[in-house]
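Enquirer: Structure provided below as structure tokens; questions to follow.
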Amino acid sequence: MEPAYAITFIVMFTLLFFMTGGIIGWLTYRHLIETRPPYLHPELFDENGQVIPDEIVSVRFENNDYDYYEDEEED
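Right, here's the structure in full:
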């Protein structure tokens, strides 16, 4: 009967450690998300390290095929 008790305790302690680690990890993650400032690209700062108050222009390039030159076979 001793191996059955040992296996039972090993399984119980393993589950306990996984649950405790998951809870601690989740709480740490939430704390870091709520206290860390958002990441801003270096281009958004002026020479004094302050965020530029101007409007930011965004450009989006479409993934179109602008191949106007077609290869033609010469006879």
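Note that the numbering used here gives residue -2 to position 18 of the sequence shown, counting from 1, and the numbers run on in steps of one.
In this text, a Cβ means the ideal position worked out from N, Cα and C, and glycines have one as well.
Alpha carbon to alpha carbon, how far is residue -9 from residue -17? Give it in angstroms, no decimals.
Expert: If I take the Cα positions, the gap works out to 12 Å.
Enquirer: Could you have a look at residue 41 and say whether DSSP puts it in helix, strand or coil?
Expert: In this structure, residue 41 counts as coil in the three-state DSSP scheme.
Enquirer: Just list the beta strand (DSSP E) runs in the stretch 4 to 32, keeping only unbroken ones of 3 residues or longer that don't cross its boundaries, in chain order.
Expert: The qualifying runs do not exist here; there are none.
Enquirer: Work out the CA separation of residue -6 and residue 36 for me, nearest whole Å.
Expert: Taking the straight line joining both Cα atoms gives about 51 Å.
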